[in-house]
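In the UniProt record's numbering, the protein residues as written are 1 to 186. Backbone N, C-alpha and C fix where the C-beta goes; we use that ideal spot for every residue, glycine too. Remember, predicted model here, so these are calculated numbers, not experimental data. Report on the following structure.
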Amino acid sequence: MGRGKFELKRIENSSNRQVTYSKRKNGILKKAKEISILCDSQVSLILSGESGKIHEYISPSTTLIDVLDRYQRATGKTLWNAEHESLSNEIDRIKKENENMEIELRYLKGENITSLNFKELMALETALENGLTSVRDKKMEVYRMVKRNGEILEEQNKELDLLLQQHMAVEDGETCMHQIISNSVC
């Protein structure tokens, strides 16, 4: 026995709407998979509900980009321009480069090196030795600079001590002169 007809309109109750969305989403995803398998067709389906969460089905034999490219060629509609594609490719390239750099950083920290072969381990060792040499050179440069600054400060301190002694001697001399003038002995 089939269901009766119902009016196709937005479901006002939020929780009922969400339950219906979930059930129908699962049904349409199942149908997309079935037609893809039964008819050997390329299917791409993207659903976005109120929550903004994306649900998709893409035939195993294709990619979303391939299907969209075929759609664009067949209809003549431009879905994205070359600049966007270029930017997308650049983003993918930078992501890959970032992943490679993260792997290299882990290697430099000594993590996940069990998968490296002898040649890669030798290259890693050389890189670490070069890095260590650079760090030591920089450390010595900083040490020399700090030592030189310390020597300059010591020299300035000696000069200030000498000036202070001279100033005190002058004050002592002036005190003595005042005492002589007032008929007392220094």
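Along the alpha helix (DSSP H) that carries S22, what are the first and last residues, could you check? S14 to C39
Please name the residue, chosen from W80, G173 and A32, that lies closest to L68 on a Cα-to-Cα basis. W80
According to DSSP, is S88 part of a helix, a strand, or is it coil? helix
For L64, the nearest candidate out of K77, H84, E50 and Q42 (CA to CA): Q42
Whole angstroms are fine: how far does the CA of E56 sit from the CA of K33? 11 Å
For I28 and E97, what's the separation of their Cα atoms in angstroms? 38 Å
Let me know if Y71 comes out buried or exposed under the rule of 16 or more other beta-carbons within 10 Å of its beta-carbon. exposed
Cα-Cα separation between N26 and S44, rounded to whole angstroms: 15 Å
What is the DSSP secondary structure of E7, counted as helix, strand or coil? coil
Neighbour-count burial assignment, residue 228, 16 or more Cβ in a 10 Å radius: Here the chain comprises residues numbered 1 to 186, so residue 228 is not present and cannot be evaluated.
Tell me which residue opens and which closes the beta strand (DSSP E) that L79 is part of. Careful: L79 lies outside any beta strand (DSSP E) and carries neither H nor E.
Could you check if S59 is buried or exposed, using at least 16 other CB atoms within 10 Å of its CB as the buried criterion? buried
DSSP state of L45, grouped into three classes? strand
Would you list the residues sitting across from H55 in a DSSP beta bridge? L47
Decide if S36 is buried, meaning its Cβ has at least 16 other Cβ atoms within 10 Å, or exposed. buried
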